[in-house]
Structures are given as C-alpha cells and as structure tokens.
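**Student:**
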Amino acid sequence: MSLIISNIALHYLSKKEETGEVLLRLGPESVEVTHKIENFVDALHGIYNSKGSKAYGHFATIPAEGDKARFVDIMESYLSEAQGFHDFSCQAGNLLKNELEKYELAETGYLVVCHYEYMGGRYLLAAIIPISEHYSVDGELNISADQHLDTSRLQLAARIDLFDYQQNANGNKYISFIKGRAGRKVSDFFLEFLGCEEGLDAKEQTQTLVQAVEDFVAVNQLDAQEKQKTRKELLSYCKEQKESAQDVSIKELGHVIGEEGSEQDFYQFCQDQSYPIEESFPHDQAVVNKITKYSGFGAGISLSFERSHFGQDVIYNAANESITIYKVPPNLKEQLLSLLQAQDKQDKQNEEF
Numbered sequence: 001m002s003l004i005i006s007n008i009a010l011h012y013l014s015k016k017e018e019t020g021e022v023l024l025r026l027g028p029e030s031v032e033v034t035h036k037i038e039n040f041v042d043a044l045h046g047i048y049n050s051k052g053s054k055a056y057g058h059f060a061t062i063p064a065e066g067d068k069a070r071f072v073d074i075m076e077s078y079l080s081e082a083q084g085f086h087d088f089s090c091q092a093g094n095l096l097k098n099e100l101e102k103y104e105l106a107e108t109g110y111l112v113v114c115h116y117e118y119m120g121g122r123y124l125l126a127a128i129i130p131i132s133e134h135y136s137v138d139g140e141l142n143i144s145a146d147q148h149l150d151t152s153r154l155q156l157a158a159r160i161d162l163f164d165y166q167q168n169a170n171g172n173k174y175i176s177f178i179k180g181r182a183g184r185k186v187s188d189f190f191l192e193f194l195g196c197e198e199g200l201d202a203k204e205q206t207q208t209l210v211q212a213v214e215d216f217v218a219v220n221q222l223d224a225q226e227k228q229k230t231r232k233e234l235l236s237y238c239k240e241q242k243e244s245a246q247d248v249s250i251k252e253l254g255h256v257i258g259e260e261g262s263e264q265d266f267y268q269f270c271q272d273q274s275y276p277i278e279e280s281f282p283h284d285q286a287v288v289n290k291i292t293k294y295s296g297f298g299a300g301i302s303l304s305f306e307r308s309h310f311g312q313d314v315i316y317n318a319a320n321e322s323i324t325i326y327k328v329p330p331n332l333k334e335q336l337l338s339l340l341q342a343q344d345k346q347d348k349q350n351e352e353f
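Residue numbers (UniProt numbering): 1 to 353.
Here is the structure:
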C-alpha cells in the first residue's frame, strides 16, 4: 500500500435536539495504525479523490481575534512539533464545535483528522463522516440495529496539501474541499472552521485549457481524425492525473498532445498566446469529458455521440430543431425494429376488429 499514515484522530460531534447544544466527545489519545485503519484511510482517500465537486482555496489572512487560535495556527503548532497531534486534533474539534453552534444545522458525526503521505505527497485531511443505521439478523431470526460510518455520504471534507502549503504559502490552491450543491450553504461553516477562502477556480482553468487545445488543433490545421486523436489524448491524460490525484501540467501536456511536425508544441503555444492559465492546476474532469463527446438529456430523451460524427453521421437542423442520425447503433436498431414489428402487429389486430 502506497499510503502511509503518520497520525490519525477520531472525535464525535452530536447535538442536543432540545437545546441545540453541540457536544464533543474526544477520542483516544493515541490510535494504533492497524491494517484496518490503513484500509479505512485508503478508502476515505479514494472516496475523496473521486468527488467531482471540489473547489480550491487557501488560508485567509485575517488575524486571530484576541486569544482565539485559528486552524492554521494550531496546525502550524503541530507541524513545528510545538504540540502533539492529539492536542492539535482536540483543538480542531473544539473549533468545529464552536462553528456548529452558530448554525441551526444537524451536521453531526465523527470528525476524522488524519496526517498521511500518498504517492510522494503529504496531506492533512479533516472530514465529518455521517452515521447510518444498518440491520442484521441472527440465526434465531432476531433483527438488531447498529450504526456505521457512512463514507458514501461524505460531503464535509477538506484536504491540505502540506508540501504545496509549506513551499508556496502565498498560493491559492493548497486546500481542496468538497463543494456543496448549488444553493446549499451547509459547507460554509466547515470553511469558516478551517479559515479557508476560495482561490483557484478549477472549472474556469479547465475551460481555458479545453479552449487552448481547440485553438491549437485549429492553428495547426489538423484534419478531423487528428483533431479527435488530440482530444482523446487530452482526455486520457486528464483521467490518469485525476486517478492519481495529480495536477494537470501544461508542460507535460506539451509532450502528450504535440503533433510531430508541428511548428510548436502545446506548451509553447500556450505561452505565446498568453492564456490565463496556471502552469499546473487541479482540473475539473467533467469539463474535459465534454471535449470528445456531445451529450444531453431531457423530456425522456438521452443522446450522446462522439464529436467527430457531428456534421457527418449526426446532422442538426437548427431551423426545425431536429437531429438526423445516419448510423444507428446496432443494439438500438434491434430495439427499434422490434418496436416497429410490435406496432405493426397491433395495427393489424385493430383492423380485424
């Protein structure tokens, strides 16, 4: 396993329904890193990486109020070995408790704070994992209920890239966090707990990257097949980076999608055109996925096709808002023929009556 755990702590946050008071139950002073703990953190790391709705930011520069320590202050105290990990995690738990009490929210569960290494990177993960009930039946058919950590419902989580933070403290993307769904402000208190401000816009950066690739294939006058090949190379590279939790690098892309015989590679092209794009950045995979395909759904209709078919096998008529498909997929063709046969049979039966 390539994941190495330095320290981990677990605390429990609950809320009294009648008073709204938040209770913090502190976990053990030391958690032994067993094989089960390693598997748990490895799974949590994978779930966090797979979340597509992440945003990026940095610690706010607002100074602490009075003697109230900020998350970055207590984190620095731990990283500099001025205090131990358990004390740091307990202080973090109390900071989170104080933020929760400001809101009328039922966001409770287990607070996991973990310092670990993965693929050469060093991270500090903070997450609230909700609780769900599950049921079991014994040999006598007696039903019993128990609780478990429901990592599949993970929504309140943030991860600090410690290497990026320590080497580039003025950066704007060393903290990543799961962004709440549109219109939800539940995650706001979690960002306030961390003292985090949004910085780099991953979606905007990725949209600029996609546009740069489209401009690149146009300037180099690639034919339709070469254009699609370049788009697929971009898609493949981005998927690999996402799976390994690595940033997209424009320099690396210059080696991946540069066509032999081109006057300049992709990296040099971006430099010459002065695109407002970082040298490397965490990307939004959903944006990249659209570069090779067009898709849409609504009113009971779902349609998806590769970009290279547009204008050839798939024709859109803007005047009457219709789409003509000249190459019908075999499995869809079979279903349509079966449907026509059934309708024809029904029509004949109706004529007999």
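Even glycine gets a Cβ: it sits at the ideal position worked out from N, Cα and C.
For the region 140-151 against the region 263-273, are there 3 or more C-beta pairs whose distance is under 8 angstroms?
**Tutor:** The region 140-151 vs the region 263-273: no contact.
**Student:** Under 8 angstroms Cβ to Cβ from Ala43, same chain only, skipping five residues before and after it: list those, please.
**Tutor:** For Ala43, where only same-chain residues beyond five positions count, the Cβ hits under 8 angstroms are Thr151.
**Student:** Going by the CB atoms, is the gap between Gly199 and Lys229 shorter than 9 angstroms?
**Tutor:** It is not a contact, given that the beta carbons lie outside the stated cut-off.
**Student:** Should the region 220-235 be called in touch with the region 278-293, which here means at least 3 C-beta pairs below 8 angstroms?
**Tutor:** Output reads yes: the region 278-293 touches the region 220-235.
**Student:** Looking at C-alpha atoms only, which residue of Val113, Ile325, Ile129 and Ile131 is the closest neighbour of Tyr123?
**Tutor:** The shortest Cα separation from Tyr123 among Val113, Ile325, Ile129 and Ile131 belongs to Val113.
**Student:** Buried or exposed: which applies to Leu337, given that a residue is buried once 16 or more other Cβ atoms fall within 10 Å of its Cβ?
**Tutor:** Answer is exposed; the Cβ neighbour count stays below 16.
**Student:** Out of Ser53, Thr34 and Ile37, which one is the CA nearest neighbour of His283?
**Tutor:** Ranking the options by Cα distance to His283, first place goes to Ser53.
**Student:** Let's see if you can read the secondary structure: which residues bound the beta strand (DSSP E) around Val113?
**Tutor:** Taken as a continuous stretch (DSSP letters only), the beta strand (DSSP E) holding Val113 covers Gly109 to Tyr118.
**Student:** Please tell me whether Gln147 and Ser132 are closer than 9 angstroms, where the distance is taken between their beta carbons.
**Tutor:** A contact, by the Cβ cut-off of 9 angstroms.
**Student:** If we count the other Cβ atoms within 10 Å of its Cβ and call it buried at 16 or more, is Asp347 buried or exposed?
**Tutor:** By the 10 Å Cβ count, Asp347 comes out exposed.
**Student:** Tell me whether the region 80-89 and the region 2-18 touch, counting them as touching only if at least three CB pairs, one residue from each stretch, are closer than 8 angstroms.
**Tutor:** Touching, yes, given that three or more Cβ pairs across the two stretches are closer than 8 angstroms.
**Student:** Below 8 angstroms on the Cβ atoms is my guess for Cys196 versus Gly57; work out the distance and round it to an integer in Å.
**Tutor:** The pair is a contact, with the Cβ atoms about 5 angstroms apart (cut-off 8 angstroms).
**Student:** Would you kindly work out how many angstroms separate the C-alpha atoms of Glu107 and Tyr135, rounded to a whole number?
**Tutor:** Their backbone Cα atoms lie some 23 angstroms apart in a straight line.
**Student:** Is Glu29 helix, strand or coil when you go by DSSP?
**Tutor:** In this structure, Glu29 counts as coil in the three-state DSSP scheme.
**Student:** Among Gln167, Pro130 and Tyr48, whose alpha-carbon lies nearest the alpha-carbon of Lys242?
**Tutor:** It is Tyr48.
**Student:** Could you tell me if Ile175 is buried or exposed, where buried requires 16 or more neighbouring beta carbons within 10 angstroms of its beta carbon?
**Tutor:** So Ile175 ends up on the buried side.
**Student:** By the DSSP assignment, the alpha helix (DSSP H) with Ile47 in it spans what residues?
**Tutor:** Run containing Ile47: His35 to Ser50, per the alpha helix (DSSP H) assignment.
**Student:** Name the residue from Glu306, Asp313, Leu162 and Asn350 whose alpha carbon lies nearest to the alpha carbon of His115.
**Tutor:** For His115, the nearest C-alpha among the options comes from Leu162.
**Student:** What does a CB cutoff of less than 6 angstroms around Gln335 pick up in its chain, not counting 5 residues either side in sequence?
**Tutor:** Closer than 6 angstroms at Cβ, skipping near neighbours: no residue.
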